[in-house]
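Enquirer: Residue numbers (full-length UniProt numbering): 1 to 407.
Glycine included, every Cβ here is placed at the ideal spot set by N, Cα and C.
As the structure is a computational prediction, the values presented were derived from the model and not from experiment.
After the structure tokens below, expect a handful of questions from me.
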Amino acid sequence: MAFNTSLSGISAANADLNVTSNNIANVNTTGFKESRAEFADMFQSTSYGLSRNAVGSGVRVSNVAQQFSQGNIDPTGRSLDLAISGEGFFTVSSNGAKMYTRAGNFQTDANGYVVNPQGARLQVFAPNPSGNGFDVGRLSDLQLLTTDSPPKSTSTVNLAFTLPGNATAPTVTPFNPADDKTYSHSTGGINVYDSLGVSHVQTSYFVKTANPNEWQVHNYVDGAAVGSPTTLQFSDTGALTTPANGIIAMAPFTPSTGAGVLSMQLNVSGSTQYGEQFALRDTRQDGYASGKLNEISIDTSGVVFARYSNGADKPLGQVALSSFVNPQGLQSQGNNMWAESYTSGAARTGAPNTSDLGQIESGSLESSTVDLTEQLVNMIVAQRNFQANSQMISTQDQVTQTIINIR
Numbered sequence: 001m002a003f004n005t006s007l008s009g010i011s012a013a014n015a016d017l018n019v020t021s022n023n024i025a026n027v028n029t030t031g032f033k034e035s036r037a038e039f040a041d042m043f044q045s046t047s048y049g050l051s052r053n054a055v056g057s058g059v060r061v062s063n064v065a066q067q068f069s070q071g072n073i074d075p076t077g078r079s080l081d082l083a084i085s086g087e088g089f090f091t092v093s094s095n096g097a098k099m100y101t102r103a104g105n106f107q108t109d110a111n112g113y114v115v116n117p118q119g120a121r122l123q124v125f126a127p128n129p130s131g132n133g134f135d136v137g138r139l140s141d142l143q144l145l146t147t148d149s150p151p152k153s154t155s156t157v158n159l160a161f162t163l164p165g166n167a168t169a170p171t172v173t174p175f176n177p178a179d180d181k182t183y184s185h186s187t188g189g190i191n192v193y194d195s196l197g198v199s200h201v202q203t204s205y206f207v208k209t210a211n212p213n214e215w216q217v218h219n220y221v222d223g224a225a226v227g228s229p230t231t232l233q234f235s236d237t238g239a240l241t242t243p244a245n246g247i248i249a250m251a252p253f254t255p256s257t258g259a260g261v262l263s264m265q266l267n268v269s270g271s272t273q274y275g276e277q278f279a280l281r282d283t284r285q286d287g288y289a290s291g292k293l294n295e296i297s298i299d300t301s302g303v304v305f306a307r308y309s310n311g312a313d314k315p316l317g318q319v320a321l322s323s324f325v326n327p328q329g330l331q332s333q334g335n336n337m338w339a340e341s342y343t344s345g346a347a348r349t350g351a352p353n354t355s356d357l358g359q360i361e362s363g364s365l366e367s368s369t370v371d372l373t374e375q376l377v378n379m380i381v382a383q384r385n386f387q388a389n390s391q392m393i394s395t396q397d398q399v400t401q402t403i404i405n406i407r
């Protein structure tokens, strides 16, 4: 009886050493979660139950529990190195099976899919066809684009300006864009783009009329007039009143490049007339030329952007994170991956920074949670337990020999 009890203690101490050894071996493993051996005592029982004087019959390993605490986040500067700050697991697909990991050392394969070192593909929510938001009801493999960004023709030019309230009408008439004495102010050249991505220069000229608080705007593209002048009117407090919605629809312009007709509007809402110098506050427009892929970036919400040389940003997907009611119930699959089990509960998948899910730190990796000093102390304790149980076997052997030698 005592021999078996001590043997169970040796077995438990050996298991404790094995767990500690595994922790120490993975002290530098990305996303590794340390394990802890948990023990329970044993009693022999009969069909009548335990005796009131029953003595324990040893110890057994009841569980090896992984501790899903937050590891340190170490910067790497590589955009596809991802760390989770908070709760959740990256969702990856390995041959169609969903797996979960905290190790975010991703890379691209030959087909442009983002994969971990074992080839499991990172799962994301795909962009909606409308381009607004993501389809959070469907997971897909993240594939990075390497093609150029196509051009986009300009549809809106945003102009925000302040015209001087004390301006007078030009003395030289009629209006001539080549003679600055025939107009009061101009926007200078604003680059706009046709459907082929070729840039054109759009210019607006402001001419003060003889009427109070009234101006005319002459719009030109590449030196050619586009439509008739538009009247601007301001209130006595300097607010724009005409056009009421602040939108000036320009006449269509046909480029000589073979591109489609360029139909643009000027958004001048927010423009004012005050007793100060002319000021141009905004000249943004929504078109751009074709562009080369510059980089892939991922924000804290897990949105993956392709950023191009023309300034365009295209969302490719949003990283999907999964959480579990009981993460210790996950089944370890090796290679820093876990699988869902009955005891873990079903995966609850969502976007980073929502519900109980953490945020994404791009250009960083989560380090192992193993505390080397703590593990070395655990090793010493387990070794002492092993030695103590071995000594008990030696003692029991001596007692047995004494009994055998009784004459």
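1. How far does the beta strand (DSSP E) with Lys314 in it reach, from first residue to last?
2. Taking only runs that begin and end inside the stretch 61-140, name each unbroken alpha helix (DSSP H) of 4 or more residues, in chain order.
3. Taking its Cβ as the centre, do 16 or more other Cβ atoms sit within 10 Å of Phe206, making it buried, or is it exposed?
4. With a threshold of 16 other CB atoms inside 10 Å of the CB of Tyr100, please say whether the residue is buried or exposed.
5. If you pair each beta-carbon of the stretch 328-343 with each one of the stretch 154-173, do three or more pairs fall below 8 Å?
6. Below 8 Å, how does it come out for the stretch 70-80 and the stretch 354-370: are there three or more Cβ pairs, yes or no?
7. Evaluate Pro151 with the Cβ neighbour count: other Cβ atoms within 10 Å of its Cβ, from every protein chain shown; 16 or more gives buried, anything less gives exposed.
8. With distances taken Cα to Cα, identify the nearest neighbour of Asn211 among Gly275, Thr231 and Val226.
9. So what's Asp180 in DSSP terms, helix, strand or just coil?
10. What's the C-alpha gap between Ala169 and Lys208?
11. Note down, one range per segment and in chain order, each alpha helix (DSSP H) of at least 4 residues found wholly within the stretch 292-359.
12. Are Val124 and Val304 close, meaning C-beta to C-beta below 8 Å?
13. Can you grab the Cα-Cα spacing for the pair Phe278 / Ala249, in whole Å?
14. Please report the straight-line C-alpha distance between Thr187 and Ala239, rounded to a whole angstrom.
15. Since Gln26 sits in a beta bridge, which residues does DSSP pair it with?
16. Leaving out five residues on either side along the sequence, give the residues of the same chain with a beta carbon under 7 Å from the beta carbon of Ala375.
17. Kindly indicate which residue of Gly258, Thr147, Phe90 and Asn335 has the alpha-carbon position closest to the one of Ser195.
18. Quick one: is Ala244 buried, meaning 16 or more other Cβ sit within 10 Å of its Cβ, or exposed?
19. Could you give the residue range of the beta strand (DSSP E) that holds Leu196?
20. Enumerate in chain order the residues of its own chain whose CB-to-CB distance from Leu280 is below 7 Å, with the five nearest sequence positions on each side excluded.
21. Return yes when the Cβ of Leu159 is within less than 8 Å of the Cβ of Thr242, no when it is not.
22. Could you please give me the residues that DSSP links to Leu17 through a beta bridge?
23. Closest to Asn14 by CA distance: which of Phe32, Thr171, Pro174 and Arg60 is it?
24. Leaving aside the five residues before and after Pro255 along the sequence, list all residues of the same chain whose C-beta is less than 7 Å from its C-beta, in chain order.
25. Decide if the stretch 378-391 is in contact with the stretch 86-93; the criterion is three or more beta carbon pairs, one per stretch, under 8 Å apart.
26. Less than 7 Å between the CB of His218 and some heavy atom of the ligand ZN, yes or no?
27. Can you give the Cα-Cα distance for Arg78 and Ala382, rounded to whole angstroms?
28. What residue from Lys98, Phe106, Thr203 and Ser8 has the CA that sits closest to Ala83's CA?
29. So within the stretch 143-183, which uninterrupted beta strand (DSSP E) runs reach at least 3 residues, ignoring any that extend past its ends?
30. In this structure, does DSSP put Phe32 in helix, strand or coil?
31. Buried or exposed: Lys292, going by 16 or more other Cβ atoms within 10 Å of its Cβ?
32. Among Ile380, Pro174, Glu87 and Ile190, which one has its Cα closest to the Cα of Pro229?
33. Would you check if the distance between the CB atom of Val319 and the CB atom of Pro352 is smaller than 8 Å?
34. Hey, could you find the ends of the beta strand (DSSP E) Asn213 is sitting in?
35. List the DSSP bridge partners of Thr203.
36. Within the continuous beta strand (DSSP E) that includes Leu240, where are the two ends?
Expert: Taking the definition as stated:
1. To locate residue 314, count along the sequence shown from 1; it is residue 314. Asp313 to Val319 is the span of the beta strand (DSSP E), which, as asked, contains Lys314.
2. none
3. Taking the first residue of the sequence shown as position 1, residue 206 is located at position 206. Result: buried.
4. As a first step, residue 100 is located in the sequence shown; it is residue number 100 there, counting from the start. Counting Cβ neighbours within 10 Å, Tyr100 comes out buried, since at least 16 surround it.
5. no
6. yes
7. Here residue 151 refers to the residue found at position 151 when the sequence shown is read from its first residue. Counting Cβ neighbours within 10 Å, Pro151 comes out buried, since at least 16 surround it.
8. As a first step, residue 211 is located in the sequence shown; it is residue number 211 there, counting from the start. For the residues Gly275, Thr231 and Val226, the minimum Cα distance to Asn211 belongs to Thr231.
9. On the sequence shown, residue 180 is found 180 positions in, with the first residue counted as 1. Of the three classes helix, strand and coil, the one that applies to Asp180 here is helix, per DSSP.
10. On the sequence shown, position 169 is the one that residue 169 refers to. On the sequence shown, position 208 is the one that residue 208 refers to. Taking the straight line joining both Cα atoms gives about 5 Å.
11. none
12. For the purposes of this step, residue 124 is identified with residue 124 of the sequence shown, where counting begins at 1. For the purposes of this step, residue 304 is identified with residue 304 of the sequence shown, where counting begins at 1. Yes, these two residues count as a Cβ contact at 8 Å.
13. Here residue 278 is taken as the residue at index 278 of the sequence shown, counted from 1. Here residue 249 is taken as the residue at index 249 of the sequence shown, counted from 1. If you take the alpha carbons of Phe278 and Ala249, they lie about 23 Å apart.
14. One-based indexing of the sequence shown puts residue 187 at position 187. One-based indexing of the sequence shown puts residue 239 at position 239. Cα to Cα, Thr187 sits roughly 19 Å from Ala239.
15. Against the sequence shown, residue 26 aligns to sequence position 26. Sequence inspection shows Asn at residue 26; the Gln mentioned does not correspond to that position. In DSSP, Asn26 forms no bridge with anything.
16. For this step, residue 375 is matched to residue 375 along the sequence shown. According to the sequence shown, residue 375 is Gln rather than Ala. Cβ within range, chain order: Thr20, Asn23 and Ile24.
17. Here residue 195 corresponds to residue number 195 of the sequence shown, with the count starting at 1. Checked all of Gly258, Thr147, Phe90 and Asn335; the closest Cα to Ser195 is Gly258.
18. On the sequence shown, residue 244 is found 244 positions in, with the first residue counted as 1. Ala244 comes out exposed.
19. Translated into positions along the sequence shown, residue 196 becomes position 196. Taken as a continuous stretch (DSSP letters only), Leu196 belongs to no beta strand (DSSP E), as it is neither H nor E.
20. Locating residue 280 in the sequence shown gives position 280, counting from the first residue. The answer, listed in chain order, is Phe161 and Thr187.
21. As a working note, residue 242 is residue 242 in the sequence shown. As a working note, residue 159 is residue 159 in the sequence shown. Against a cut-off of 8 Å, the Cβ pair of Leu159 and Thr242 comes out as no contact.
22. Working through the sequence shown from its first residue, we reach residue 17 at position 17. Leu17 pairs with nothing; no bridge assigned.
23. For the purposes of this step, residue 14 is taken as the residue at position 14 of the sequence shown. For the residues Phe32, Thr171, Pro174 and Arg60, the minimum Cα distance to Asn14 belongs to Arg60.
24. Numbered from 1 along the sequence shown, position 255 holds the residue referred to as residue 255. So the list reads Asp194, Val198, His200 and Leu262, once near-sequence residues are dropped.
25. no
26. Looking for the ligand ZN in the displayed structure turns up nothing, as the structure carries no ligands at all.
27. Residue numbering aside, residue 78 sits at position 78 when the sequence shown is read from its first letter. Residue numbering aside, residue 382 sits at position 382 when the sequence shown is read from its first letter. Straight-line Cα distance between these residues: approximately 40 Å.
28. Within the sequence shown, residue 83 is the residue found at index 83, counting from 1. Cα-wise, what sits closest to Ala83 is Phe106.
29. 156-158 and 160-164
30. As a first step, residue 32 must be located in the sequence shown, where it is residue number 32. It is coil, neither helix nor strand.
31. Counted from its first residue, the sequence shown places residue 292 at position 292. That one is exposed.
32. Here the question's residue 229 lines up with position 229 in the sequence shown. Per the Cα distances, Pro174.
33. Locating residue 319 in the sequence shown gives position 319, where the first residue counts as 1. Locating residue 352 in the sequence shown gives position 352, where the first residue counts as 1. Cβ distance < 8 Å, so Val319 and Pro352 count as in contact.
34. As a first step, residue 213 is located in the sequence shown; it is residue number 213 there, counting from the start. No beta strand (DSSP E) holds Asn213; DSSP gives it neither H nor E.
35. Within the sequence shown, the letter at position 203 stands for residue 203. Paired residues: Tyr220.
36. The sequence position of residue 240 within the sequence shown is 240, counting from 1. Unbroken beta strand (DSSP E) run through Leu240: Leu240 to Thr242.
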